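Colleague: Residue numbers (my numbering): 1 to 349. Even for Gly, the Cβ is constructed at its ideal location relative to N, Cα and C. The model shown is predicted, which means the values in this text are computed figures rather than measured ones. I have a structure I would like to understand better, so I am pasting it below and will then ask my questions one at a time.
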Ligand code: FA5
């Protein structure tokens, strides 16, 4: 009797297993037929009610059916799992032949690139790179550089004052208008021989145009030693210009005035666009001015406690954006800090 019941249960379970289409349905089937309170267990509970000599035979039948149902379950589970995997793979299919999405890499700003070129050119000439504060005392920006309060040369550097009026406060502060205050800071800190180059940001309260920004960079150079002459200044700047602009560039020095140098000059290179013939870029002159320079004024040396009869110095200061404009053919300085990626992306190396 029990064996018949077992055979019926087997047939019913196998048929129902065929109907299980999902892994959830399959799990339910297992609970129904093979679970601890499932149908097979219920039938097996009746084993106790049959005569003992019958039990081994019926038990063997029950075990065979149990093993068979377990095996059938596992086979069905494998089929359903494979089907489920096939569905997932189809849904999440990756087309490995599609081109990858470009990763947006950052790049160096053209000013950084040019400043690195400039500082390494001077490093090759034995100059050490130092940096200094952008918020500066009036003393370093003007006074110690031989530009007293009532000196008309202060008009050359329209200033962003940080203390009211900049004239009443005892020690007025401003955003530095040039990197020259670092001449004083360096001479206060180090004794000659000195050879430094100072890259850094400067600020001027002035209207912007194609060659002027209110925030821009400068690089300052200073050398102080016994017996330095104007020839040392010229030799240094010649070597620098050729390293940066190529060996065929011509260099011109003309008199210029800066209160902290004597004599003072500006330095130009022949226009690489027209080869010195005169064009729109050089304003028809054939020359492009890249920096101011000169021999450190004796009063400036005295201001830092150096004896001008023993020590001489030369200094220079230029605009890296102007250098970059020349090197890369950029026609307007306002592109540099407008953060337009179409401009900046051209320099990402
Ligand atoms: C000076 O600032 C002096 N400190 C340079 C100097 C240093 C002379 C040492 C002698 C000895 P000037 O104002 O000319 O000089 O500026 C120097 C350079 O800074 C200019 O040639 C130019 O390249 C750059 N520059 C000046 N003003 C601006 C501006 N508004 N925007 C962009 N670049 C500027």
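1) Give me the Cα-Cα distance between residue 269 and residue 207, rounded to the nearest whole angstrom.
2) Determine the burial state of residue 229: buried for a count of at least 16 other Cβ atoms within 10 Å of its Cβ, exposed for fewer.
3) Please go through the same chain and pick out, in chain order, the residues whose beta-carbon is closer than 6 Å to the beta-carbon of residue 181, but skip the five residues on each side of it.
4) I'd like to know if the region 266-285 and the region 242-253 are in contact, where contact means that at least 3 CB-CB pairs between them fall below 8 Å.
5) Looking only at its own chain, which residues have a Cβ that is under 8 Å from the Cβ of residue 10, when we skip the five neighbours before and after it?
6) In whole angstroms, give me the CA-to-CA distance for residue 275 and residue 290.
7) Determine the direct distance from the alpha carbon of residue 79 to that of residue 45, and round the result to whole angstroms.
8) Do three or more CB pairs link the region 309-320 to the region 229-239 at distances below 8 Å?
9) Go ahead and pull the three-state DSSP assignment for residue 108.
10) For residue 159, is the beta carbon positioned less than 7 Å from some heavy atom of the ligand FA5?
11) Relative to the C-alpha of residue 292, which residue among 219, 309 and 158 is closest?
12) At what residues does the beta strand (DSSP E) containing residue 33 begin and finish?
13) Where does the unbroken beta strand (DSSP E) through residue 180 begin, and where does it stop?
14) If you pair each beta-carbon of the region 189-203 with each one of the region 143-156, do three or more pairs fall below 8 Å?
15) Starting from residue 268, trace the beta strand (DSSP E) in both directions and tell me its first and last residue.
16) Residue 63: buried (16+ other C-beta within 10 angstroms of its C-beta) or exposed?
17) Where residue 143 and residue 103 are concerned, what is the direct C-alpha to C-alpha distance, given to the nearest angstrom?
18) Taking the beta strand (DSSP E) that residue 125 belongs to, which residues open and close that run?
19) With C-beta atoms as the reference, is residue 146 less than 8 Å away from residue 299?
20) Please report the straight-line C-alpha distance between residue 338 and residue 185, rounded to a whole angstrom.
21) Since residue 95 sits in a beta bridge, which residues does DSSP pair it with?
22) Quick check on this structure: which residue in 210, 238 and 260 has the alpha carbon closest to the alpha carbon of residue 178?
Modeller: Concretely, from the data shown:
1) 26 Å
2) exposed
3) 136, 140 and 141
4) Yes: at least three Cβ pairs fall under 8 Å.
5) 65, 68 and 69
6) 16 Å
7) Computed Cα separation, rounded: 32 Å.
8) yes
9) coil
10) no
11) 219
12) Counting along the chain, residue 33 falls outside any beta strand (DSSP E), though it belongs to the alpha helix (DSSP H) covering 23-34.
13) For residue 180, there is no enclosing beta strand (DSSP E), since its DSSP letter is neither H nor E.
14) no
15) Per DSSP, residue 268 belongs to the beta strand (DSSP E) from 261-270.
16) exposed
17) 51 Å
18) Run containing residue 125: none; DSSP gives neither H nor E here.
19) Cβ atoms of residue 146 and residue 299: closer than 8 Å.
20) 32 Å
21) None; residue 95 has no bridge partner.
22) 260
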